[in-house]
Structure formats: C-alpha cells, structure tokens
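If you're matching them up, the sequences are chains A and B in order. Numbered per my numbering, the first sequence finishes at 509, counting up by one with no gaps. Numbered per my numbering, the second sequence finishes at 1863, counting up by one with no gaps. One structure is given below, encoded as structure tokens.
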Amino acid sequence: MAFWTRFEKLMSKRKFKSIRQTFVRSRRPLHQWRQVRSDRHAFARRAYVNPRTLRREREFVDERTFWWAVALVLFALLTVVVDNRTALNVMGIFAIYAAINIMWALVMGSAGVFSLGTLAIVGTSGFIAGRVALETGLPWYVMLVVGAVTGAVMGVVIGVPAQRLDGMYYALLTLGVVEVARTFFKQSRGFGSASGGLISLPTYLSKDQMFSIDGLRIRVLVALVPFVLVLVLYRVLEGRRLGLLLRTTRDSEAYGDAIGVDLVRIRLSLFVISSSALGMVGGFFAAYNRSMAPSVFDMGLLLLMFAMVVVGGVGSAEGVVIGTALVVFVHNGLISIGPIRIIGIGVVVVLTALFTKGGLYGIPGQYRRWRDKHKSERIAAASQRQGDLTSEEAALTDDKDLVAVARFNDRYRWQLRELVTEAVVAEHQARPVGRHSPELDRLLNYFRKGELADKYAVMTVEPFSTYRVVALSGVRGIPPREVDEKVYGSLDDAYHAVFLRRIHDLMES
Amino acid sequence: MATQKLFAYSEEISVKPADSLQVMVSGEGTQSADVQLVRLVHGDAHPDGPGFVEVEVDHPVNGVHSVHRQYTQLGSHAVVDDGVELLEGTEPFTVATFVWPSLVGTGRQVLIGNFDLSSNCGWALGIGSSGHLEFWLGDGTDTDHVMAEVPLMERVWYLVVATCDPRRRKITLSQVAVVSSTNSVVSPAVPHDLDSVVVERTRRKVRRSGRPLVLAGCWDENAERGKHVKWLFNGKLDRPVIVDGCRAGEVAEALRSGDSPDGVIAFWDTSAGYSPSGASTDLLDVGPNGLTARSVNMPTRGMTGWNWDGRTECFLTAPEKYGGVLFAESSMTNCRWSPTIEFEVPQVRSGCYAIRLRAGSAEAYAPFFVRAKSPTAKVAFQVPTASYLAYANMLMAFDAQVAQSIVSHTPVLAPADVELYRNSQFGLSTYDHHADHLSGVCYSGWRRPIIDMNPKHRAAAIDTTWQFPADLSIVGWLEQTGIDYEVITDHDVHREGLELLKHYNVVITGTHPEYHSGDMLEATEDFMADGGRLMYLGANGYYWVTSFVGDGDVIEVRKLEGGTRAWQARPGEYHHMADGVRGGVWRNRGRGPQKVTGVGTTSEGMDISGPYRRQIDGYGAGVEWIFDAVDGELFGDFGLAHGGAAGMEIDRYARTLGTPGRTRLLASSEGLADGYLVMIEDLYVNLPNQSAVSNPRVRCDMTYATTDSGGASFCTGSIAWGQALPVDGYDNDVARITENVLRRFASDGPLPVLYDELDDADVAVVRSWRQKQDAVISALCDRTVLTNLEAAVFGPHSDVNLRILSHLRGDESGARWELVEEQPYARYVLSDHREGTTEVFSSAELAVHRFLLHRIAALEGEQ
C-alpha cells in the first residue's frame, strides 16, 4: 500500500487526530495559565463543539510554540547526527544570522523603521566587546553583556534620527553608518587594522574542543542560545500590547495620537531594545568566531541578509527563519556550484517580491485566500445563473430547513411568474385591497408572507394625501429605508406601486 | 435647531374630579413645553369623518412648563438592596445558579453580581459577547475575566457555578448542562457535550464596588443619566445562591438534589412565594440574612424551572418545578419618571381627557379618564383600558413576518411609528416578542408613553384607527347625541364590579374590548342578570383571560392553545403569576361570550369592510324600533375603517357556543373578502377555502336579545361599526340604529320582551348564503375548468378548481348520489337515488369525475 493511502486511512479512522488534540484531553478541567505580567494565556487552549460528533474538542490557540520546540529539538539532534564540518558550519552561521534577522524583521515589520544599520550594530558591538574582552581578560560571556550595552547605545544614536527622517533618507543614513563603521574598524589600529580585525578573542570552547568535530557541535549548539533568547524577545515584544499597538498604528502617527499612544516613544524603545539584542548577538558572534573582521560590514553580506528577510517574509519570525535557512543553505552550503548560486538567490528574491504578499511563509495563507476568493466567486456566479442554492451553499447552511425553503421558493417562483399577466396587474390597480381573483390572491399571499428584511411598506408623508414607498429593515431599532423619490397621491396608488415593485422583484429574481 | 421630541404619560388611568394627578414628561431638544388640558372628542382625521376634535379646558395648569429629558430603565432585573457588604466578594465565595439563556452572542449579559462599570469594581457572573459563560471582576482600574471553554447553548438548562478566592486570586468556573427530556431544546437522546470546567488564577482581585447585588444586570453611572443597570440578561434563572467559601462541588450537589447548601450567604429560592392568589414579584431569600431581591420591570415568574418534567403545568401544584424566572432586556412596565406637572382634576363632566403638550414641531398627549364623582347618568361607556394596554406600543407591523398576511395590507407607517421602532425604550405590547424572539411579552404597563394612546394615532399595519383612537368615534357620536353619559374604565370595573355597573341602565363597550379579567366578566354577567343592558359595539371581545398586577397599572396575559395568538406560551407556563389563573381564551375556560352577549369571535380580516344585510329576524315584531328611520335591506356600506360598518374583526351568532335561544339575528355582513379567515379555535383540522368568500360562517352578525329581568344585549359584531358612526356628520343608518337602541335601553321603561325561543337563525342564513353561492360557483365552471378537472381528478388542483371542490364538499346535496367500489381498481358503481339510475366505471378517477360533473350540473339546475 502506498504511503499516502495508508496515511489517509489512518487519518480517516480518527485514531490519529490532529497533533493539537493528541496533547489535550477535553474531559478534564482546563487549567489556564497566564503569561508573566500579562492577561494573556500561556499555551492558550480553546475548545469547540465538533458539529459532527457534538463532542467538545480542545486545541491550542497558537501551535507555533509547539512547532518551534519540535524544530529546535530536530536542529539539536541534527547537530549531533551530522558528521560533516561544512554542514555544521552552515548550521552555526544559520543560527546566528537567523537571530540577527529576527530582530531586523522586528524593527522593519513591527516598528516600521526601515533601517539598514543592523550589521553596523552587530559589528560595532562585536568589535567593542572583543576589545573590552582583550583589554580586561574577562571571560567570553562578558562580551554578550558589553555587546548588549553597546547595541543599546547604538540604538539610541541611530534610532533618534529615525523619528525625523523618512523612509529612503533614513535607509541611506543607516547605510552611511555601516560605511563609517566599516572604514573606522578597518583603519583603527586598536581594532586590528594590521591583522584584519580582532583575533584570539575568548570563547566558550576549551583548547581541545576547538578543532575537534565534537567541539564544532558544541559551538553550533551554543549558538542556539542567543537564537532562542532573541526568539523569546520577539514573541514577547510582538505578541504583547506593545507590538499590537505598533502594528495598528504603524502607518499613521495621527491615528496613534488619536488613541492616546505615544508612537514615537514606543517605536524608539522597541528600536533600542532590538538594537541591544543585536549587540548581544554581536558579542556572541565575536565569541563564536573567536575573532571580529570588518568584513561584517560588507555590502555583500548586508544584501545577502536582506535577501533572507525578503524571501522568508518580514512579517513573522517563522518566515525570517525559513528565508535565512534557504539562503544560508544555498549561499554557504552549495559553494561547490559556484557563483551561479548568487544569481539563483537573486531570482528567488525577485520572484517572491513579484508573486507573494508575505514571502515564502505567507504562501499557504495566500493560497487559502486565493482559493476562498475563487470559491465565493464560483458560488456567486452559480447562484446568479441558477437562482438556486448551490451544493456548496447548501452544505454550508446549518439549518437545512432554510435550504428546503429556498429550493421550494425557487420552484414556486417559476409557477408564480406564470400567473403574472396584464389582466392581474390591471385587476390589482383597479382594486388593490378586497376581493381578488384566485391568481392575484395567490401572488399577494406569496408577497405578504415574505421575509421582513427589505419588505416593502408605505410611509405616510402627509396623512390621506401623500405617501412614499419604503423597505423595512427587519432589525428592531433600524428604521425603514426609502426606496425611491416618488410620492403617491393616494393610498391605492402607493399599494399598487408596492405591488409593481414586488412583481418586478419576482420576475427579476 | 435640534428636533424636539416630547413623550408623556399620566400616573393614573382613571380619576375623579378633585383628585390629584401627576403627568410625567420627557422633552428632548426643548427646555419647556406648552401644556393644555383638553377633552378628547374625536380622533380619526379621516376625510370622511369630522376630523380630529378636542375641546380645550380652562385650568390653572395650562401654560408653559419646563421639561427635561427623562431616562427609562429597560430590562427586567432584581436588585438586592440589603447586605451589600455581605455580597461584595472580597472574601472567598461560591456563586451558583441554574440558567436557561434565551439569547447569547449579541452582547454581554450579567446573570448575577455587583459589578460596576463606571468604577470597574465588583464581580459578576455573566455571559460574554461570544456567548461564553464568564466571571468578571474589577480592581478599580482594570478588569479581569475567566471564560468557559464553549459557548452556552440557547434554550438549554445549565447549572453554573463559580468560586472566587481573592486571596489566591483563583477562580473556578463550571457549567454543566442539566438536560432532561422536557426542559431544554435538546434531548438526552442526542447527547450534546455542553459542559466545561476552567480553573485559572487572575492577575487582579475583586475590589468592593459598594453597589447592591443585581440579578440579571450590572451597574453603570454617568453624569447625565445617573445610576442605572446595564448588560441585562435574556433568559431564565433558577435558584441563584451565594455561599461562603470555595465549595463548588458541595453547592452543585445540594442544588441538584433540591437542598439548601451549607454556608449560605443568600439563597433566592425562586420556587418560594407562590400562593393560590399568585406569586410574589420579589424573589425571596430563604437564607439567614433575608436579602430579598426587589423586582424591576417585572421579571416573569411561574416559569418552568430546570427540573420541570412535564407532569404538571401549574406552579401551584408543584412549586418546586417552577423555579424559573424569566428576565428580558426589552421588558419595561413602568418608566418611573419624576412628575413634571401635578394638578387637581377640575369639576368637569366625565369623559376622555388628556394633557396636551407642544414644543416646536413636537406634540404629545397624556390621556386619562375622568369618572363621575358619583354616578348620575343612565349610560356608561366602559373604556376598554385593559385592551388598550394589551396593544400598547405594538411593533408587529415592523417585527412580525406574518403581519402582512394576517391583515392583507401593506403597512402604512407614520413618522411616530418609525420613531418608536428606532428607539423602543418605552416597552412592548402583549403582541410582541422580547429581544430573544422566543418569549412573548406577557406584561404591559400604563406608566409609560404609549403611542397607541395618542388620540391621532393610526395603526400602521391596517391604516385605520385602533382601540383608543377608534373608540373616540363612539365618544364623538355620544357627545353629539346629547345623551347624558359617563365613562368608566376596565380598571374601575375590575376593582368595583357590579357595585359600579349597577348605577347604570346601559353599558356601552368600546370597539374591541378583547381583554377581560374574571372579575370584569362577573360584573358584566351580574349586571345583565340584574336587568342591565349591554351595547357591545365591537367584536372579538371578552376573549383573553387577563389579570391585573399590583395596583392594576400592569396587565398580564399568557397566550396559548386555540386562540388567535401573536405568540405561544411555552409548555407549562400557562398560569398567570398575578393571580394564579390559567391564561388563554375565555372560551376554553367554558366562559365564551356568546352565552352573555349572543355573539363571539369568528374572524378577523382587515382587507375591506362590508355592509350589513337585514335578516328575517330583523323584521320581526318587537325589533322594528331598532331600525326606525332606516330604509332598505342593505345598510352600513360606509365607514372610516375600510369603507364599511361590518369588518376588521367580526363576531357571529353561534347557538352551539351558547348564543341564547331568544337572540334575534338582526343582520349579517356581506361582501367580505379573502382576508377574513375562520378563527383557528373553530377549526380542529386545517381546511382549504375557509375565508368569508367561501365559508358562510365567516360573517358578522348583529344581534338583539332580552332577558326576563329587563336586561338586554345589542351586539354589532363588528369593530368597524364604531368607525362608521361619524360618517356624514353622524347622520347615517349606523348612527341611527345605535341611537335608537341607546335611547330605548337608557329609558327606565321595559323593553319589548322577546319570549319565544327561535329556531337556529344560523341555519336560514347559511341556507340562503348557499343558494347564492351555488350560482357563484357554477359561474366559475367553464370549459377550461372542466377539462382541468378531468385531467386531474384527485389533484393537484388549480385555485379555481379547489374553490369549486371545496364548495361541493361542504354541500349536502351530494347525498343524492352514491359511489360504491365493487371491485378495487376494476368496478365502480355510481347510483343516483333520485333518478334511480346507475352507471358503471372501470376506474375510480372516471367514477369520481362523473360524480363531480353531475353535481356541477345540479348546481346550475337548482338555480
């Protein structure tokens, strides 16, 4: 039996429920936990009654935490299993680049600050941390702290002008900062202009481990630490009130002002926090490499990392990580295929920019939206053509009686249309109320029992002399709406106008 | 300049000269209003009548008075005024109640709590806008909540329990469906998983709100409106309880086994307080602190509780099954406005009066009725105030899908109707449903602005006057006859009974005295037995069993079984909370009006009204004085209500339902249309063609009967009668007949007594109708019809064929033929007993077709 057939059979037996239900038992009381200093639930779960089984089922509101855990465990396992130095190196680079990119995405996506100064912060923090470490002889983890402090200072320095300069000017400014940093660190003797950067920085590996493959494994595994820290920071900043406020007010300071949010302050603090995190990553970067080279400020690297963010999708940590993984794999993992891979990356960037709305990670959602749109269009077209419920609509209707009634009315309207003759209309005009022929009576009875929404009524403008036609809302509290400008001099005329409208609606429907 | 709006009501319905009366006014867009005391003479502005007529009365109260906007507390709820500090929720406590939500998912609703929205303090157990059970608490700045897992399902009984431990900031919230075979919209046969238990620690803890606990709402306050109750609940609560300490399991166990839990702070035993004379409106606390919950806007008691099993249908026989109290956000029985003007009723003659208010384009009337200080007149006009309340602020023209089918009219709306609909803060009528679209409105109160009580109002659904404005046509006619009369109201008759009626020789009813209490019926019956004379100038009267609540400003009705009803009381909820009587129509209590008046309801139509044709009884000796100065057999083909004196709602003479044998069937309606269908209480099985066009008993009868004691009744059997009186300046046949009767009835002398028992006059009327109808039907039988009939003997039939067949089925002439199936599917014999011939057919279709052809031929032949 083919794998997929077997898989589907397994699924259909419902033994293998969706992953989320495997971990929850809805029969037991639900213990909800709050996130620290927040009203939000940690590992929030929600329940619903399955309409098919009438049973209550429970699921995680947000499954991403779970999938992140799975991915991290897999990554760690991979580190242990893989026996290839190049591959391990690529994985290490990936972890660090991913951490940087997540913060970058936060700055661009949530804070809406179009900064290209990311690598300037990372590099500067790395250099300063390295220099401090060299000067003081303190252990490697101090570099993380120094890096974080440097990053925060850089954040303030670069962040403040961001509140004054718009889009492209600001991008150019940050690019300038990168260039200044590059020139400065390349030419400063204190930062190893002679040796091509700082070398022999403290690290977390012992001398023995430095060149063994197990040492490399440890090196990569430890690189996950700043990655996870940054990820948690991202989730905290993005998910909390701060991120929510930023996303709602991203494009309009006026709106922010209107709802009483000091957008500038929030944006700046977010920028400083993320810069500090970048500085921390910079410090770690120095420890990871045991060196800092000015090549970190290279335009080429900046553009490559930009490609990672764009390909994955700037709107989410998941997208950024996927983009980073892809580009790092092609750029650093497939070195053997030569410079053509750079062109390949370029093509992917152009394609994602052209055809996706949120990078690669946004494709499933984009597909779902596309599918739903086409489905609704198809249903709309079908119901316009047939005037009847489509099978999709019928399936989506909870109360099947409504389906039966709609289908009945559809057939019944065909019969009623046969009854509409000049004679019937003339009969109504001559005597809108009173004894009627069976045909007219049947038509009127159909009209009278129609649904309340948009049901016609007569509105008195002047008692006994002027009337108009209106349509009821069917909702208590919402007054009737006027259907046209015409006024009628007698009630019989108004009744007949309503009748003609109803006949028109019947023939058109 | 803002648009002005004025709304007003008088505190009392019925007053006597020298009484003090308060009038409550709310003005929007104006600081003052011009007040004028008026006597109301005629309402309907229809061009065929005298138009709107009022007489301004001199009184010191007339002049400019300042008005301000007054707010109305909507929604039924109950407030626990005492024990605020016991219920504040700052110590660990458990709150539990059975709940049956009737509307979820439209907004937040509080079941129980002392939460205050204005200060964000207190706690509440409620339903969130997504329909989930939630527990809310506020610490003075922020709120916190715990939410159940799945939404509550409408019309299902749950036991909900919450514990709150402020020290550990721990809340547990549980909902357990207690579905039985009878109590919910779902059955245990189809298990639904509706339960949920959630345990959670909150960030914040309850801060005392200092507000009284509310059942079915929570507090809010603002500078403009002051303190009021919001987040009102729709649905039933049963036996809410608050217990000291966190003991959810114990409390649930106790409630389910019908015991009182331990450690009770307050236990509102909603099954307590029932007695044969009705139910207390307040909810009694059987716990140690006696924290009675004071009802606001009449929560409905006597409702089935969570444990109702369908074995009993009254709260008196099994009170423990009737713990249900229905709350509704749209319930409103008393505006409780502060008085704007207070004045002494002047020494005027008895009649319909009102305080008229005007400001800019706005105008409002606050009507009231002035009785005689002590009765002196021979004639009383009994104003059907109970029926006015039943119809007060009816929204059916907008709200009921079937409205247009019932009245055969497209509604004709006036700006006042739209205003009421847009802004329905003045409560509903007993013809409407509450916001949940499930529960019928069973209470209607006087102390609120009532659009239908505006003397100029026209009923939107039918574009005629209705109730009070329609009755003013009788008042206007009485005024110009010069006959001395006094007005009394249903409320007076209910309170004082025969003692009040016996002062008068004649009691005249309104056009539609539909709602009667037992005491009112008794008064009318005793009045007639004592020689009183009744002029029943309306129809569909003495119909609904009605109760008066409290001091009578609120009526209660439950609509059920066999009456033409705007809603249907739920199973087991048939008994009035006010006095324990079973609701419904009087006919089903063995007290049909035919026995007293001679006629009773038969149909309602509203499409057109028709004239009367004088019947054989109308020419007999002893009744001709009634038709003095009326020429011709046909009369009353005019009127302000759809152009005839016979119509709207109609009553008929029915011996089987108790019409006395001496009753003379003076005249019957003619020419009514398909809108008039036989009342459903006359039908046990649905039948086709039951309208005035094809059913001879869908007609309106004018009757006259006398009693040995000198009593008499004169009935017109038609609501439209009253509105025919004012045509041509009150100079017409309808007015003449009414005046003939009134003058004779009012005189102290005896009436010509009609001693002889008569044959059932209905038989003659139906026979003559059938003869005419034979001609109508045979005229329909053209070639096409016959061909269609041959093609489909057993249907489906065209509308015309159906009409023909219905006529033949109701006719006894078919007995002349006999159709025998001698051999199934093979041999059918049709014999004609009169001619003595037989025909043989090979199929049932052929035989029946021939049979029908014979009968159609006979229709033509018999003319």
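The C-beta atom is built at its ideal place from N, Cα and C for all residues, glycine as well.
Query, Result
"Helix, strand or coil at Lys486/A [DSSP, three-state]", "coil"
"Where Ala1177/B falls: helix, strand or coil (DSSP)", "strand"
"Cβ of Leu1665/B within 9 Å of any chain A Cβ", "no"
"Per DSSP, cross-strand counterpart(s) of Ile1856/B", "The partner list for Ile1856/B (beta bridge, DSSP) is empty, contrary to what the question assumes."
"Buried versus exposed, by CB contacts within 10 Å (16 or more), His1437/B", "exposed"
"Contact with chain B by Lys486/A, beta-carbon distance below 9 Å", "no"
"Delimiting residues of the beta strand (DSSP E) encompassing Ser1026/B", "Ser1020 to Glu1028"
"CB contact check: Phe447/A to chain B, cutoff 9 Å", "yes"
"6 Å CB neighbourhood of Thr1738/B in its chain, flanking five on each side removed", "none"
"DSSP bridge partner residues for Asp1139/B (one or two, in chain order)", "Cys1121/B"
"Environment of Ile1355/B [buried if 16+ CB atoms lie within 10 Å]", "buried"
"Any C-beta of chain A under 9 Å from that of Gly1671/B", "yes"
"Inter-residue CB distance, Tyr1388/B and Arg1039/B (contact presumed, cutoff 8 Å)", "Tyr1388/B to Arg1039/B, Cβ: 18 Å. No contact."
"Same chain only: Cβ atoms within 6 Å of Pro432/A, ignoring 5 sequence neighbours per side", "Asp492, Tyr495 and His496"
"C-beta neighbour in chain C for Arg46/A, strict 9 Å", "Included in the structure are the protein chains A and B, with no chain C among them."
"Close beta carbons around Gly1273/B, own chain, < 7 Å, minus the five adjacent residues each side", "Ala1279, Ser1280 and Leu1284"
"For Arg45/A, the three-state DSSP class (helix, strand or coil)", "strand"
"The ligand FAD heavy atom lying under 8 Å from the CB of Ser1020/B", "Judged by which ligands are present, the structure shown has none, so any question about the ligand FAD falls away."
"Nearest-angstrom Cα separation, counted from Arg1783/B out to Ile1474/B", "51 Å"
"C-alpha gap between Gly1584/B and Ala1416/B, whole angstroms", "32 Å"
"Contacts of Asp441/A in chain B (Cβ-Cβ under 7 Å)", "Asp1674"
"Alpha-carbon spacing of Pro1824/B relative to Tyr1542/B, whole angstroms", "53 Å"
"Leu1537/B and Gly1043/B closer than 9 Å at C-beta", "no"
"Residue nearest to Thr1706/B in terms of C-alpha spacing, selected from Arg1744/B, Ala1692/B, Ala1720/B and Gln1723/B", "Arg1744/B"
"Cutoff 9 Å: Thr1172/B Cβ touching any chain A Cβ", "yes"
"Reference Ser1429/B; option with closest CA among Arg1565/B, Val1370/B and Pro1261/B", "Arg1565/B"
"As assigned by DSSP and simplified to three states, the class of Thr460/A", "strand"
"Contact under 9 Å by Cβ, Arg1169/B with Arg1207/B", "no"
"Sub-9 Å separation of Arg56/A and Leu1194/B beta-carbons", "yes"
"Alpha-carbon spacing of Pro1299/B relative to Asn1307/B, whole angstroms", "19 Å"
"Span separating the alpha-carbon of Ser1806/B from that of Asn1540/B", "27 Å"
"Neighbour flag for Gln1863/B against chain A, beta carbons, 9 Å", "Caution applies to Gln1863/B, whose pLDDT of 48 falls short of 50 and renders its modelled position unreliable; the model cannot decide the point."
"Best match in Gly1600/B, Gly1643/B, Met1332/B and Asp1048/B for proximity to Asp1682/B [C-alpha to C-alpha]", "Gly1600/B"
"Near-chain A residues of the stretch 1594-1618 of chain B (beta-carbon distance less than 8 Å), N- to C-terminal order", "Asp1607 and Ile1608"
"Beta-carbon proximity check, Tyr1158/B vs Val1214/B, cutoff 9 Å", "no"
"Check whether Glu1320/B and Ser1374/B have beta carbons under 9 Å apart", "no"
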